[in-house]
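Visitor:
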Amino acid sequence: MPAASGATGAWRPGVDPRAVWHPPVDGPHDADDAGRHHVVVVGGGIAGLAAATGLAERGVRVTLLEATSQLGGRVAAWPVEAGGTTTTMSRGFHAFFRQYYNLRALLRRADPALERLCAVEDYPLVLADGPTDSFSDIPRTPPLNMMAFVARSPSFRLRDLAAVDVHAAMGLLDVAFPRTFVEHDGISAAEVLDRLRFPHDARHLALEVFARSFFADPRDFSGGELVAMFHAYFLGSSEGLLFDVPTDDYDTSLWAPLGRHLAGLGVDVRTSCAAAALHEGADGRVVVVTGDGEELTADAVVLATDRAPLQRLVGDAGWLGDATWRGALAAQTSAPSFAVWRLWLDRRVAAGSPPFLATSGFGPLDNVSVLELFEEGAARWSREHAGSVVELHAYAVPAGTDDADLRARLRAELSRLHPELDGAGVVHEEWLVREDCPMAGTDPWAERPGVVTPDPRVVLAGDGVRCALPVALMERAATTGWQAADTLLAGWEVSGHGVWSVPVTGRHRVVPALRRGLARVAR
-3 MPAASGATGA WRPGVDPRAV WHPPVDGPHD ADDAGRHHVV VVGGGIAGLA AATGLAERGV
57 RVTLLEATSQ LGGRVAAWPV EAGGTTTTMS RGFHAFFRQY YNLRALLRRA DPALERLCAV
117 EDYPLVLADG PTDSFSDIPR TPPLNMMAFV ARSPSFRLRD LAAVDVHAAM GLLDVAFPRT
177 FVEHDGISAA EVLDRLRFPH DARHLALEVF ARSFFADPRD FSGGELVAMF HAYFLGSSEG
237 LLFDVPTDDY DTSLWAPLGR HLAGLGVDVR TSCAAAALHE GADGRVVVVT GDGEELTADA
297 VVLATDRAPL QRLVGDAGWL GDATWRGALA AQTSAPSFAV WRLWLDRRVA AGSPPFLATS
357 GFGPLDNVSV LELFEEGAAR WSREHAGSVV ELHAYAVPAG TDDADLRARL RAELSRLHPE
417 LDGAGVVHEE WLVREDCPMA GTDPWAERPG VVTPDPRVVL AGDGVRCALP VALMERAATT
477 GWQAADTLLA GWEVSGHGVW SVPVTGRHRV VPALRRGLAR VAR
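So the sequence shown is numbered by this note's numbering: it starts at -3 and just counts up by one.
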């Protein structure tokens, strides 16, 4: 993602000609000036890796600290033994959408042609005792994609569409970010869906699935974030709603190669090394104390950790920020728990099964993945054991849920979707329940902490950090990581990298006027 080619339009990150280039602040100094500085990046997830890459490529001396034994953060993979065979486990599948421009720019550092990603042909959305929707063979460009989806989808019937609030639906097209985030302060995703009056089946399959991808109940999830996701994935981008996945586990395909790339740039990559505290040095620099007591003195720090460790580090650093900023950061919450259950079974799924299936109405089950259909390590295990590697997801798990009961319900729902697996033996299983994903609630958008902090020596990055662009999840982590690096570089008057995004406004100029006209008629 070189700034010059991006700025001149000679290089595009995808197929959408309306993708927007957000250039960095040009600086009068070159990378030799940046080389005088040392930055500690705390967190080896996507955000930290992007920040470290952006800084190291401009000659900054970088030390990257990751508390766990693998890079990748919440998208890491680690080895496990299943039936006498070494394989891998992760926290669940992630979709690498084509509009994840800044994440893909990061991955290209170690895989220029993105050969370690493969396309998924479809991602069916199935409603219990109802229809199944598909995104295959739908045009990419709005509004043709929306028209084709509605025309083909069994979830949209003509008599149901008559009840849709057209004025509210136009609001999904009449967007401008970050204004749209602010306009939805105090409004939940459920309220947005209620205002649309979409058909019941369409609400569950085409919209509510977005909120649940944040592991959140739509009643608690930000309406502005829901509108941004609908814009980024469907109404505002012509990259399409299908996606890619890594050809093997995350560590093999993505993070180990990127770690080697960073080491080649001179980055001191330290895994199993947590940041325990932040101090203000006597010389005006920042001291990062590691878990084993080592003190690393830095000109600046990128905090790219999960929300709880970030709050702990800042909470213990009384010198950092002001009362308003510290209070806003402390007030941020995490999404409810989610469960990932990976089963190595002694029986194979039926031929023709989709690699991914999103579900609604199947009790606590939100997603089924069949890993051997896309991941080489799982495929190898499947061949050796004549079985399948199946992963079940349950999002927004209610507090107090009994694990044994939840597993029993998930297994029963798996049998409904894959009756051929009913009674299959479990060769190995891995069960994870986590509650560490950031919550995007209905609190005022502008009050959420962003990349820039009150102290120019400290910047934030991550999927829970406020970003003015319509990005989310892994792409927000990557975007804010690049922005964190660019912020520090700009402070040293060195040019940064810039970022790309889908259009930040609606693609259809007639929509705002039409919406105003509908509002006048309604009055």
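Ideal Cβ positions, reconstructed from N, Cα and C, are used throughout, including at glycine. Remember, it's a predicted structure, so these values are computed and weren't measured experimentally.
Go ahead and label residue 517 buried or exposed: buried means 16 or more other beta carbons lie within 10 angstroms of its beta carbon, across all protein chains shown.
Guide: Confidence at residue 517 is low in this model, with a pLDDT of 42, below 50, so the placement of that residue is unreliable and no value is reported for it.
Visitor: Between 226, 240 and 282, which lies nearest to residue 90 when the distance is taken from Cα to Cα?
Guide: Selected option, being the one with the closest Cα: 240.
Visitor: Please tell me whether residue 79 and residue 300 are closer than 8 Å, where the distance is taken between their beta carbons.
Guide: Going by beta carbons, residue 79 and residue 300 fall outside the 8 Å limit.
Visitor: Nearest to residue 560 by alpha carbon, out of 409, 308, 392 and 338?
Guide: Residue 560 cannot be examined here, being either before or after the span of the chain that is shown, -3 to 519.
Visitor: Assign residue 7 to one of three DSSP states: helix, strand, or coil.
Guide: coil
Visitor: Could you give the residue range of the beta strand (DSSP E) that holds residue 18?
Guide: 16 to 18
Visitor: State buried or exposed for residue -2, treating a residue as buried only when at least 16 other CB atoms are found within 10 Å of its CB.
Guide: Low local confidence applies: a pLDDT of 39 at residue -2 is under 50, so the model's placement there is unreliable, and no value is given.
Visitor: Under 8 Å by Cβ, that's how I've got residue 55 and residue 298 pegged, so tell me the actual separation to the nearest angstrom.
Guide: About 16 Å; that fails the 8 Å criterion.
Visitor: From residue 474 to residue 268, what distance separates their C-alpha atoms?
Guide: If you draw a straight line from the Cα of residue 474 to the Cα of residue 268, it is about 22 Å long.
Visitor: Using 8 Å as the threshold, is the C-beta distance between residue 25 and residue 57 below it?
Guide: Inclusion of residue 25 and residue 57 in the CB contact set at 8 Å is not warranted, their separation being larger than that value.
Visitor: Can you give me the C-alpha to C-alpha distance between residue 164 and residue 355, rounded to a whole angstrom?
Guide: 26 Å
Visitor: As an exercise, report each continuous alpha helix (DSSP H) stretch of at least 4 residues that is fully enclosed by the region 316 to 358, in chain order.
Guide: 319 to 327
Visitor: Threshold first: 4 residues or longer. Then list the alpha helix (DSSP H) segments lying entirely within the region 35 to 119, N to C.
Guide: As far as the region 35 to 119 is concerned, its whole alpha helix (DSSP H) runs of at least 4 residues are 42 to 52 and 97 to 104.
Visitor: Whose C-beta lies closer than 7 Å to the C-beta of residue 249 among residues of the same chain, with five residues either side of it excluded?
Guide: 112, 242 and 243
Visitor: So, using beta-carbon positions, are residue 28 and residue 488 closer together than 8 Å?
Guide: no
Visitor: Whose CA, out of 106, 38, 364 and 231, lies closest to the CA of residue 141?
Guide: The residue with the shortest Cα to Cα distance from residue 141 is 231.
Visitor: Determine whether the beta carbon atoms of residue 72 and residue 86 lie at a separation below 8 Å.
Guide: yes
Visitor: In whole angstroms, what separates the C-alpha of residue 68 from that of residue 159?
Guide: 45 Å
Visitor: If you follow the alpha helix (DSSP H) that residue 176 is part of, which residue opens it and which one closes it?
Guide: 175 to 179
Visitor: Which parts of the region 393 to 462 are runs of the beta strand (DSSP E), unbroken and 3 residues or longer, counting only runs that do not cross its ends?
Guide: Residue ranges of uninterrupted beta strand (DSSP E) with 3 or more members, entirely inside the region 393 to 462 and ordered along the chain, are 422 to 430 and 454 to 456.
Visitor: Is it buried or exposed, residue 133, if we count other Cβ atoms within 10 angstroms and call 16 or more buried?
Guide: exposed
Visitor: Could you tell me which residues DSSP puts in a beta bridge with residue 384?
Guide: 341
Visitor: Excluding sequence positions up to five away, which residues of its chain have a Cβ less than 8 Å from the Cβ of residue 283?
Guide: 274, 275, 276, 277, 291, 292, 293 and 294
Visitor: Tell me which residue opens and which closes the beta strand (DSSP E) that residue 274 is part of.
Guide: 271 to 276
Visitor: Rounded to the nearest angstrom, how far is the Cβ of residue 441 from that of residue 462, given a contact under 8 Å?
Guide: 7 Å
Visitor: Ignore the nearest five residues each way along the sequence and tell me which others in residue 481's own chain have a CB closer than 6 Å to its CB.
Guide: 47, 50 and 51
Visitor: Find out if the Cβ-Cβ distance for the pair residue 391, residue 432 is shorter than 8 Å.
Guide: no
Visitor: For residue 389, does the three-state DSSP call read helix, strand or coil?
Guide: strand
Visitor: Let me confirm a value: residue 315 is counted as buried when at least 16 other C-beta atoms fall within 10 Å, else exposed. Which label applies?
Guide: exposed
Visitor: Measure the CB-CB distance between residue 358 and residue 409 and report whether it falls below 8 Å.
Guide: yes
Visitor: Just the Cα atoms here: how many angstroms apart are residue 104 and residue 257?
Guide: 11 Å
Visitor: Where residue 254 and residue 347 are concerned, what is the direct C-alpha to C-alpha distance, given to the nearest angstrom?
Guide: 35 Å
Visitor: Is the beta carbon of residue 336 closer than 8 Å to that of residue 387?
Guide: yes
Visitor: Do you know how far the Cα of residue 119 is from the Cα of residue 465?
Guide: 26 Å
Visitor: Rank 223, 125 and 181 by C-alpha distance to the C-alpha of residue 166 and give the top, closest one.
Guide: 223
Visitor: State yes or no: is the beta carbon of residue 107 nearer than 8 Å to at least one beta carbon in chain B?
Guide: Included in the structure is just one protein chain, with no chain B present.
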